[in-house]
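In the numbering used here, the protein residues as written are 8 to 379.
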């Protein structure tokens, strides 16, 4: 459940060597009701953190600073204070470095000069994410305690263990939803896309008789399949026309970026094959690894069909939405080349596309959304 910002701790540590940036961002945050502590470099910031002089909920960290770089400071913070989300501040010329910091554990990045609305929205998302991390840690710790006690009191504690596990799954689902919201915020044209892909993927997986746990992780993977797009520059996501070869290569990297983002969370391990492999082609012409046939994991082959169908029937910056009939013909013609022919047959024969007909081209949000 989301908490209103007014009821949440709101301590922000701003680390930037530029006094003007510190002043401008500082005034913006103080007017918005945040408590602020400023540090002019990484050495001062680490002293504040290590001596417990200020307990930040969020850290804003400049990438380029003298003495100790923002990347070095990020590494120390992630090691010593893993529950504090770090938002990187960067110049336009540092975008690739900024994306790389997300692989190293940064929550997000903002390009200077930072717009007020974007700053506050990103901080609010980071605050929600921090609450989830803290709750996840608490529940995980409780879960371990339950497991130890079960060795002596199995019958008595079974019900408590199942309740804790249920809460842990709910917390992980909230993590997925926050990440999916991050994708949609980056590319408004895809709003609702991740959830529609989840619904279609669930229906395909259920139709071919996969187990409950396999279906569950396919749903998570479908929600996260495009998480790597947060590392793709917005001008590529919103480009109204074909990409150049260089731009296409950068765009294709979103599958690898996405895998790197989620691989640090053990719970999402089964989702990695989906995030990395949902653009592989059945005949081997896809990316990033050129896999073919059954070398592509079944979950990735399922999501590939769901993703393509919804993409074709959704409006994008460079084209209007295609009809359902057109999308079905494209899936049929792509059978054995782009898509697994057996899965396409299931999709067509069972009319799976009908489960999202009322949502096609209608934006949805991730609020109050339930897993099947």
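We put the CB at the ideal spot given by N, CA and C, even for glycine.
List the whole-angstrom C-beta distance separating residue i from residue j, where the pair is believed to meet the contact cut-off of C-beta under 8 angstroms.
i: residue 64; j: residue 17; result: 6 angstroms
i: residue 97; j: residue 130; result: At roughly 16 angstroms, the Cβ-Cβ gap does not stay under 8 angstroms, so residue 97 and residue 130 are not in contact.
i: residue 126; j: residue 134; result: At roughly 13 angstroms, the Cβ-Cβ gap does not stay under 8 angstroms, so residue 126 and residue 134 are not in contact.
i: residue 200; j: residue 321; result: 6 angstroms
Select from the options the residue whose C-alpha is nearest the C-alpha of residue i.
i: residue 319; options: 97, 70, 170 and 360; result: 360
i: residue 312; options: 275, 119 and 352; result: 352
i: residue 211; options: 270, 201 and 222; result: 222
i: residue 243; options: 232, 234, 231 and 259; result: 259
i: residue 49; options: 249, 346 and 82; result: 82
i: residue 174; options: 188, 199, 183 and 147; result: 147
i: residue 344; options: 290, 143, 32 and 59; result: 290
i: residue 86; options: 62, 99, 103 and 57; result: 57
i: residue 88; options: 113, 101 and 100; result: 113
i: residue 75; options: 47, 60, 62 and 98; result: 47
i: residue 309; options: 275, 80, 281 and 293; result: 281
i: residue 271; options: 305, 111 and 249; result: 111
i: residue 80; options: 55, 60, 43 and 99; result: 55
i: residue 213; options: 41, 362, 198 and 40; result: 362
How would you label residue i, buried or exposed, when you count the other beta carbons within 10 angstroms and need 16 or more for buried?
i: residue 364; result: exposed
i: residue 333; result: exposed
i: residue 285; result: buried
i: residue 30; result: exposed
i: residue 23; result: buried
i: residue 301; result: exposed
i: residue 326; result: exposed
i: residue 155; result: exposed
i: residue 170; result: exposed
i: residue 252; result: exposed
i: residue 92; result: buried
i: residue 38; result: exposed
i: residue 33; result: buried
i: residue 103; result: exposed
i: residue 336; result: exposed
i: residue 356; result: exposed
Between which two residues does the alpha helix (DSSP H) containing residue i stretch?
i: residue 52; result: 49-57
i: residue 38; result: 26-38
i: residue 102; result: 102-110
Going by beta-carbon coordinates alone, are residue i and residue j separated by less than 9 angstroms?
i: residue 45; j: residue 68; result: no
i: residue 268; j: residue 295; result: no
i: residue 90; j: residue 19; result: no
i: residue 207; j: residue 229; result: yes
i: residue 189; j: residue 237; result: yes
i: residue 77; j: residue 95; result: yes
i: residue 132; j: residue 28; result: no
i: residue 316; j: residue 350; result: no
i: residue 226; j: residue 205; result: yes
i: residue 307; j: residue 287; result: yes
What residue range does the beta strand (DSSP E) around residue i cover?
i: residue 116; result: 115-118
i: residue 95; result: 93-97
i: residue 18; result: 18-22
i: residue 66; result: 65-69
i: residue 352; result: Per DSSP, residue 352 belongs to no beta strand (DSSP E); it is in the alpha helix (DSSP H), 348-356.
Quick one: is the Cβ of residue i within less than 8 angstroms of any heavy atom of the ligand HEM?
i: residue 250; result: Among the components modelled here there is no ligand, and therefore nothing to report on the ligand HEM.
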